[in-house]
Amino acid sequence: MKAAAFDYARPDTIAAACALLAADPDAKVMAGGQSLGPMLNLRLAQPSCLVDITRIRDLGRIEESDDAVVLGAVVTHAAIEDGRIADPSRGFLPRVARGIAYRAVRTRGTVGGSLAHADPAADWLSTLTALGAEILISGPHGARRHLPVGDFVRGAMSTALEPGEIVDGVRIPRLSAAARCGFHKICRKTGEFAEGMGVAVHDPERGVCRIVAGAGGGRPAVIEASRGAGSRLLARLVDAEAVREALIEAGVAGDEYRMRVHVAAVRRAVAEVVSP
Amino acid sequence: MTRLSLEVNGRPVTVEVAPRTHLADVLREQLLLTGTHIGCEHGVCGACTVEIDGEIARSCITFAVACEGARVRTIEGFDDDALMARMRRAFTTEHALQCGYCTPGMMIAARDLVRRKAATPELDIRTEMSGNLCRCTGYAGIVAAIESVVAEGPAVPATAADPARWRGPAPGPDATATVAATAPSPTAPAAPRSAPAQATAPAPARPIAVEVGPVTVVDGETRFTESFVLEHPPEAVWALMSDPQRVAACMPGLTLDPPGPDGRLAGRMEVRLGPITAGFSGEGTATRDDSARRMVIEGRGRDRKSGSQAAGRVEYVLSDTAGPNATPATRVDCVIGFTLQGPLAQFGRSDLVRDLVARIGEAFARTVDLRLRAPGDATVAPVPLGGGSLLVGVLAGRLRRLLARLFGRGDA
Numbered sequence: 001m002k003a004a005a006f007d008y009a010r011p012d013t014i015a016a017a018c019a020l021l022a023a024d025p026d027a028k029v030m031a032g033g034q035s036l037g038p039m040l041n042l043r044l045a046q047p048s049c050l051v052d053i054t055r056i057r058d059l060g061r062i063e064e065s066d067d068a069v070v071l072g073a074v075v076t077h078a079a080i081e082d083g084r085i086a087d088p089s090r091g092f093l094p095r096v097a098r099g100i101a102y103r104a105v106r107t108r109g110t111v112g113g114s115l116a117h118a119d120p121a122a123d124w125l126s127t128l129t130a131l132g133a134e135i136l137i138s139g140p141h142g143a144r145r146h147l148p149v150g151d152f153v154r155g156a157m158s159t160a161l162e163p164g165e166i167v168d169g170v171r172i173p174r175l176s177a178a179a180r181c182g183f184h185k186i187c188r189k190t191g192e193f194a195e196g197m198g199v200a201v202h203d204p205e206r207g208v209c210r211i212v213a214g215a216g217g218g219r220p221a222v223i224e225a226s227r228g229a230g231s232r233l234l235a236r237l238v239d240a241e242a243v244r245e246a247l248i249e250a251g252v253a254g255d256e257y258r259m260r261v262h263v264a265a266v267r268r269a270v271a272e273v274v275s276p
Numbered sequence: 001m002t003r004l005s006l007e008v009n010g011r012p013v014t015v016e017v018a019p020r021t022h023l024a025d026v027l028r029e030q031l032l033l034t035g036t037h038i039g040c041e042h043g044v045c046g047a048c049t050v051e052i053d054g055e056i057a058r059s060c061i062t063f064a065v066a067c068e069g070a071r072v073r074t075i076e077g078f079d080d081d082a083l084m085a086r087m088r089r090a091f092t093t094e095h096a097l098q099c100g101y102c103t104p105g106m107m108i109a110a111r112d113l114v115r116r117k118a119a120t121p122e123l124d125i126r127t128e129m130s131g132n133l134c135r136c137t138g139y140a141g142i143v144a145a146i147e148s149v150v151a152e153g154p155a156v157p158a159t160a161a162d163p164a165r166w167r168g169p170a171p172g173p174d175a176t177a178t179v180a181a182t183a184p185s186p187t188a189p190a191a192p193r194s195a196p197a198q199a200t201a202p203a204p205a206r207p208i209a210v211e212v213g214p215v216t217v218v219d220g221e222t223r224f225t226e227s228f229v230l231e232h233p234p235e236a237v238w239a240l241m242s243d244p245q246r247v248a249a250c251m252p253g254l255t256l257d258p259p260g261p262d263g264r265l266a267g268r269m270e271v272r273l274g275p276i277t278a279g280f281s282g283e284g285t286a287t288r289d290d291s292a293r294r295m296v297i298e299g300r301g302r303d304r305k306s307g308s309q310a311a312g313r314v315e316y317v318l319s320d321t322a323g324p325n326a327t328p329a330t331r332v333d334c335v336i337g338f339t340l341q342g343p344l345a346q347f348g349r350s351d352l353v354r355d356l357v358a359r360i361g362e363a364f365a366r367t368v369d370l371r372l373r374a375p376g377d378a379t380v381a382p383v384p385l386g387g388g389s390l391l392v393g394v395l396a397g398r399l400r401r402l403l404a405r406l407f408g409r410g411d412a
């Protein structure tokens, strides 16, 4: 099908984009359009105006600091896959990027677009929750704020963005040298929406041990250890029954099949972290 | 219409397009480059794959206006490309095509794979090529063709990463001057938008746990149960929940017309879920049983924009229970069923239903609670769902299923 008619605007500053969005509640931000495009073509979405933010130079930025790297919102999955960013994750981000949909989607799909779309099956949502990343948000009149990814997402395709606000980037903390990460997703077909997704990040030097179950229908479920308790938690989560209990406690629900998928994804992610 | 300039297969072209026109249509219909095929037209099959600024992309979900100033290369633009010449020979040798429909996209994706990854050990060609579908099931020949080109080694030197290269979707800010197509000036002052209804609440909404039973689909109807406990005596809860007008007022996004003489209900529900917006207009009936404190609401509605239709039924019954300090409280048990037909039904993600209905139920329960705590007839706006980006309403049932049903088909 063809998309229904819409207006198109291509602002070159964040402020102009926010002003356009604030002025028209039915306007919609488009970055790479790899989730929105199909919804437009199927006429599931019929916005009055598309605000194309891919010509805003600031949104393609990479900012490095001692403890974190900021990726601008329109950095593509392919740029991450190809190592064209400063990588705070010691290879973990490129690895996750490689598994997102297909190459022809990754060249246009963006990290900020994925987060703002907040599809529970999206790779970045779970991965960046596990890494403890923060979403940077710009609003009308130059307002800026930031939120942890876990607080930014309110539910399936629902976020804390207010009218006139856009995601302008994501701040990802640097992992220390001893950190280990695991990622596993289960899809019926390569590149399709995931049915289950497990992400595990263990960074003992920074006192971080976070396990995330994604693709569950709502916001990512988080299992977290307090400082120093990471190894103990991981050792416990090698066991399937323990994983299932922890997931239920974290709010994961589903029929027997879905629960098994979630448990398997999380166990495999944990296994990567604890493997010698 | 917008005048658009870009480079296609090395030649500058200028075309007039509507913003909604995707790149594949411009290439095929206006530039007559019919080598670019359109298969699914929503980014699944890969038949429309082209190169934009040297990277492969799907031209059916890339709008032409977004390509102002870009360099586009279609299958016709690879005639003189050495690597593609090898790929063509290999496709011929290995019988890598039958009907040819997927072939242009398949070859552009395959060439790109060899360009980027020919030197990668243990290259998993099947996984890498999984974004391009072949309905003749010619994958064995296609994979063999790509393997043979990979085995010959890369003919083109791997492109060195240019650190200054734009990291966003092509073409990026350096392509051309910024154009605002048919849209208002971006510098227009920000008009105060209609803010989401703010609750003029006398007290903050308190969280209420909503239990959602398993979601099942029987004969096309999606069914589930929801239960929650309100810390108010059943008489007070029933006073509110026996009145469809007051029930409706607790649902964000729902507007009910004043009651008609025949007792029929009519109204409209605004749904906003991610990029999907819909406005369902419809009517229904409510049947109450005061002695059992039971209500059945049935209805159907239609979304004018998409033409989608929905029908549903909700039944709820109130019962006595005890609150935390043995105070009187009310348990509300709902049985909900709905069907959805039309375009919105295409978007089937049954795994999202549970999250959605739980949040709808929670927003409703919290608003009922707020209203019962509000003195007199103070106006209490519905508690918004998910920070305002999801405004969902339900007339105790009927329209609720429509939007849950947005995600309700299949198990994709």
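Just so you know, the sequences run in chain order S and U. In case it helps, UniProt numbering puts the first sequence at residues 1 to 276. In case it helps, UniProt numbering puts the second sequence at residues 1 to 412. Virtual Cβ for every residue (Gly too), placed ideally from N, Cα, C.
* Can you give the Cα-Cα distance for U:Leu6 and U:Ile276, rounded to whole angstroms? -> 31 angstroms
* Given that a residue counts as buried once 16 or more other Cβ atoms are within 10 Å of its Cβ, and exposed if not, what is U:Asn325? -> exposed
* Asked: Can you name the residues of chain U whose CB is closer than 9 angstroms to the CB of S:Ala79?
  -> Arg165, Trp166, Arg167 and Gly168
* Please confirm whether U:Asn132 and U:Gly77 have their CB atoms less than 7 angstroms apart. => no
* Is the shortest distance between the beta-carbon of S:Lys28 and the beta-carbons of chain U less than 7 angstroms? -> yes
* Asked: Does the beta carbon of residue 417 of chain U come closer than 7 angstroms to any beta carbon on chain S?
  -> Because chain U in this structure spans residues 1 to 412, residue 417 of chain U falls outside the shown range and cannot be described.
* To do: Could you tell me if S:His262 is buried or exposed, where buried requires 16 or more neighbouring beta carbons within 10 angstroms of its beta carbon?
  => buried
* Asked: Can you name the residues of chain S whose CB is closer than 9 angstroms to the CB of U:Gly253?
  -> Going along chain S, no residue has its Cβ under 9 angstroms from U:Gly253, so there is no contact; the nearest lies around 13 angstroms.
* Delimiting residues of the beta strand (DSSP E) encompassing U:Leu340 -> Pro328 to Gln341
* Asked: What did DSSP end up calling U:Thr287 once you bin it into helix, strand or coil?
  -> strand
* To do: Give a yes or no on contact between the region 359-367 of chain U and the region 246-258 of chain U, applying the rule of three or more CB pairs nearer than 8 angstroms.
  => yes
* Do we get a CB-CB distance below 7 angstroms when we pair U:Leu4 with the residues of chain S? -> no
* **U:Gln198 burial status per 10 Å Cβ neighbour count (16 or more: buried)** => Residue placement at U:Gln198 cannot be trusted, given a pLDDT of 44 that sits under 50; the coordinates are not used to answer.
* **Buried/exposed call for U:His95, threshold 16 Cβ in 10 Å** => exposed
* Using DSSP with H/G/I as helix, E/B as strand and the rest coil, what is S:Ser126? -> helix
* Is U:Phe224 closer than 7 angstroms to U:Ala145 when the C-beta atoms are compared? -> no
* To do: Establish whether the CB of S:Met157 and some CB of chain U are separated by less than 7 angstroms.
  => yes
* To do: Look at U:Cys45 and U:Thr36 and say whether their C-beta atoms are less than 7 angstroms apart.
  => no
* U:Leu395: buried (16+ other C-beta within 10 angstroms of its C-beta) or exposed? -> Bear in mind that the predicted position of U:Leu395 carries a pLDDT of just 32, short of 50, making it too unreliable to give a figure here.
* Interface partners of S:Ile56 on chain U, CB under 8 angstroms -> Pro173
* Who are the neighbours of S:Pro38 on chain U, taking C-beta pairs under 7 angstroms? -> His42, Gly43 and Ile61
* **Boundaries (first-last residue) of the beta strand (DSSP E) holding S:His202** => Gly196 to Asp203
* To do: Taking S:Val74 as the query, report the chain U residues whose CB atoms sit under 8 angstroms from its CB, ordered along the chain.
  => Arg167, Gly168 and Pro169
* Asked: Who are the neighbours of U:Glu55 on chain S, taking C-beta pairs under 7 angstroms?
  -> Ala78 and Thr107
* CB-CB length for S:Met30 against S:Leu21, believed under 8 angstroms -> Actually they do not touch by this definition, with Cβ atoms about 11 angstroms apart.
* To do: Could you check the C-alpha separation between S:Glu192 and S:Gly217 for me, to the nearest Å?
  => 15 angstroms
* Which parts of the region 79-110 of chain S are runs of the alpha helix (DSSP H), unbroken and 4 residues or longer, counting only runs that do not cross its ends? -> 92-98 and 103-106
* **Option in U:Leu33, U:Arg11, U:Leu4 and U:Leu31 with minimal Cα separation from U:Arg20** => U:Leu4
* If contact means a Cβ-Cβ distance below 8 angstroms, which residues of the region 197-212 of chain S contact chain U? -> none
* Straight-line Cα distance separating U:Met87 from U:Val17 -> 34 angstroms
* Between the region 65-78 of chain U and chain S, which residues of the former have a C-beta closer than 7 angstroms to a C-beta of the latter? -> Val65 and Ala66
* Shortest alpha-carbon distance to S:Lys2 belongs to which of S:Glu256, S:Pro220, S:Arg43 and S:Gly139? -> S:Arg43
* Asked: Counting pairs of Cβ atoms below 8 angstroms between the region 175-192 of chain S and the region 147-161 of chain S, do you hit three or more?
  -> no
* For S:Pro25, I'd like the list of residues in its chain whose CB is within less than 7 angstroms of its CB, leaving aside the five on either flank, ordered along the chain. => Pro163
* **Buried/exposed call for U:Met129, threshold 16 Cβ in 10 Å** => buried
* Close beta carbons around S:Val75, own chain, < 7 angstroms, minus the five adjacent residues each side -> Gly60, Ile85, Thr110 and Val111
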